[in-house]
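Student: My structure is below; once you've seen it, I'll send some questions.
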Amino acid sequence: MGIASTSTPSSPNRDASFANLLKHWRNQRGLSQLDLALAGNVSQRHISFLESNRANPSRDMVMQLAAVLDVPLRDQNIMLTAAGFAPIYSQSDLSTPEVEPIRKAIEFILHQQEPYPALVMDRYWNLLQSNTAAQRLTSWLIHPDELQRRFCIDGKINLMRLMFHPQGFKPFVANWEEISSHLIQRVYREAFVDGHSDESMALFQELQAYPDVPDLWQQSLPRTWQLPLLTVQFVKDGLSLSLFSTIATLGTPHDITLQELRIESLFPADEATQASLSKPISDVFGHDSMNYPF
Numbered sequence: 019m020g021i022a023s024t025s026t027p028s029s030p031n032r033d034a035s036f037a038n039l040l041k042h043w044r045n046q047r048g049l050s051q052l053d054l055a056l057a058g059n060v061s062q063r064h065i066s067f068l069e070s071n072r073a074n075p076s077r078d079m080v081m082q083l084a085a086v087l088d089v090p091l092r093d094q095n096i097m098l099t100a101a102g103f104a105p106i107y108s109q110s111d112l113s114t115p116e117v118e119p120i121r122k123a124i125e126f127i128l129h130q131q132e133p134y135p136a137l138v139m140d141r142y143w144n145l146l147q148s149n150t151a152a153q154r155l156t157s158w159l160i161h162p163d164e165l166q167r168r169f170c171i172d173g174k175i176n177l178m179r180l181m182f183h184p185q186g187f188k189p190f191v192a193n194w195e196e197i198s199s200h201l202i203q204r205v206y207r208e209a210f211v212d213g214h215s216d217e218s219m220a221l222f223q224e225l226q227a228y229p230d231v232p233d234l235w236q237q238s239l240p241r242t243w244q245l246p247l248l249t250v251q252f253v254k255d256g257l258s259l260s261l262f263s264t265i266a267t268l269g270t271p272h273d274i275t276l277q278e279l280r281i282e283s284l285f286p287a288d289e290a291t292q293a294s295l296s297k298p299i300s301d302v303f304g305h306d307s308m309n310y311p312f
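Quick note: the sequence shown, position 7, residue 25 per the numbering used here, numbers continuous.
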C-alpha cells in the first residue's frame, strides 16, 4: 500500500513527554483508549489522564502498557526516562563474553546458509557480519577496494546506502523500481512509524536525495513479479541472479542490541540462480578470492 502523504512527520521523541509517547504508540497500534485500557487491565479514565498529563504513571504501569503496545526495548527505555524512571534495558557489545552463545548461533546460521548469501545487520541497516557467499556476491557487484573507499563510513557499511547509491548496487538491479519502491517504504516506516531516531530519519532523507528515488517512497507499483513475494534480480557481465530474502530476529531478547539484530538470508528464486550459486566461485564470478572489508 502506498504512503498517502509526502510530508515527513516529526518524531514524538522531540517532545518526549510520557503522555505524547503513550499516545503515539497507542495510535501506531491502532488502539482506542478503551482498547488499551481493556488490554492493560486499567480504566479508560486512567489512560485518558496519562495521555493528558493529569496523572503520572508508576514504573510498573509504564512497563505494563509498553508490553501491551509491544513497544521495542529501546523505546521502552525512552518511555521510562520520560516518566522519570531509570532505563532498565542494556545495550550489549556483541564482542563481550556474555553474548558468546548468540554469536555462535549467528555464525552457525551464516555457515548453514552456504552456498547462498546471508548477512547480519543492525536496526539502521549497517552490516555487522556476512557469510562467504554474501561476500562473493558483493565483490562481484562492486570491487572490495571501491566498497571500502566509497561505502565504509566510520567502519560501517550501510546496506541501504549501498543499494540506492548510483555507484553501488543500483546499476545492476534489473527490477530497480520494484525493489527501490519496496525498500524506501520500509525505511520510511522504520524512520517515522516503528520507532524514531535521528539516524534512521537521516538515512531516509539521504536515500530520497539519490536519483530516481524521491517519488518512489509514496508509490505502490503494479505487481509484475511472478513469485508470491518480491525478488531482486542482479544482472552483470551476462550473468543474472534472481534472489528472494527472509529476515529473522532473535526471540524474546532482553537486550536492545540483540532485539535489533536482523539476519537476512537470500535464496535462489529460480533454478538457474540455484545452479550458478552452487558452482565454484571462479566459475560464477570469475575470481577465486578477494580481500573483503567485512
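C-beta atoms are modelled at their ideal positions from N, C-alpha and C, and glycine is treated no differently.
Please determine, among GLN292, THR275, ARG154, the residue with the shortest C-alpha to C-alpha distance to LEU261.
Tutor: It is GLN292 whose Cα lies nearest to the Cα of LEU261.
Student: Mind checking whether VAL138 and GLN131 have CB atoms under 8 angstroms apart?
Tutor: Taking 8 angstroms as the Cβ cut-off, VAL138 and GLN131 do not qualify as a contacting pair.
Student: Look up GLU282 in the DSSP assignment and say whether it is helix, strand or coil.
Tutor: It is a strand residue.
Student: Out of GLU116, SER263, MET79, HIS129, state which residue places its alpha-carbon closest to the alpha-carbon of ALA55.
Tutor: With distances taken between Cα atoms, ALA55 lies closest to MET79.
Student: Would a C-beta distance cut-off of 8 angstroms place VAL250 and PHE182 closer than the cut-off?
Tutor: No, these two residues do not count as a Cβ contact at 8 angstroms.
Student: Could you check what DSSP says for PRO311 in three-state terms: helix, strand or coil?
Tutor: Bear in mind that the predicted position of PRO311 carries a pLDDT of just 41, short of 50, making it too unreliable to give a figure here.
Student: On a CA-only basis, which of ASP111, ASP88, PHE67, LYS41 is nearest ASP4? Give me that one, please.
Tutor: In this structure the chain extends from 19 to 312, so residue 4 is not present and cannot be described.
Student: By alpha-carbon positions, which one of GLU208, PRO133, LYS41 ends up nearest to ASP140?
Tutor: Measuring from the Cα of ASP140, the nearest candidate turns out to be GLU208.
Student: Would you say ALA101 and ILE281 are within 8 angstroms of each other, going by their C-beta atoms?
Tutor: Cβ distance not < 8 angstroms, so ALA101 and ILE281 don't count as in contact.
Student: What is the DSSP secondary structure of ILE175, counted as helix, strand or coil?
Tutor: ILE175: strand per DSSP, three-state reduction.
Student: Using DSSP with H/G/I as helix, E/B as strand and the rest coil, what is LEU137?
Tutor: In the structure shown, LEU137 sits in a strand (DSSP, three-state: E or B).
Student: Find the nearest neighbour of GLY256 within the set ALA192, GLN226, LEU276, judged by alpha-carbon distance.
Tutor: Nearest option by C-alpha distance: ALA192.
Student: Can you have a look at ASN59 and say buried or exposed, based on whether 16 or more other CB atoms are within 10 angstroms of its CB?
Tutor: The residue is exposed, with fewer than 16 neighbouring Cβ atoms inside 10 Å.
Student: For PHE210, which option in SER35, TRP43, ALA37, PHE36 has the closest C-alpha, if you only look at C-alpha atoms?
Tutor: Nearest C-alpha to PHE210: TRP43.
Student: To the nearest angstrom, how far is it from the Cα of LEU276 to the Cα of ILE120?
Tutor: C-alpha separation (whole angstroms): 8 angstroms.
Student: Could you work out which residue in HIS200, GLY269, PRO184 is closest to ALA227 when comparing CA atoms only?
Tutor: Nearest of HIS200, GLY269, PRO184 to ALA227, Cα basis: PRO184.
Student: Using only the alpha-carbon positions, how far apart do LYS122 and PHE36 sit?
Tutor: Straight-line Cα distance between these residues: approximately 38 angstroms.
Student: State the DSSP-derived secondary structure class of ILE326, mapped to helix, strand or coil.
Tutor: There is simply no residue 326 to check, as the chain begins at 19 and stops at 312 in what is shown.
Student: Since LEU247 contacts MET178 with CB under 8 angstroms, what's their CB separation in whole angstroms?
Tutor: With 8 angstroms as the limit, LEU247 and MET178 do not qualify as a contact, their Cβ atoms being about 19 angstroms apart.
Student: Quick check on this structure: which residue in ASN71, SER61, THR114 has the alpha carbon closest to the alpha carbon of LEU52?
Tutor: Nearest C-alpha to LEU52: SER61.
Student: Measure from the alpha carbon of LEU259 to the alpha carbon of each residue in ARG92, PHE67, ASP288, then state which is nearest.
Tutor: For the residues ARG92, PHE67, ASP288, the minimum Cα distance to LEU259 belongs to ASP288.
Student: Using the Cα positions of ASN74 and TYR206, report the straight-line distance between them to the nearest angstrom.
Tutor: So the two alpha carbons sit approximately 32 angstroms from each other.
Student: Starting from the C-beta of GLU217, find all residues in its chain whose C-beta is less than 7 angstroms away, skip the five residues before and the five after it, and write them out in chain order.
Tutor: Within the same chain, GLU217 has close Cβ partners TYR142.
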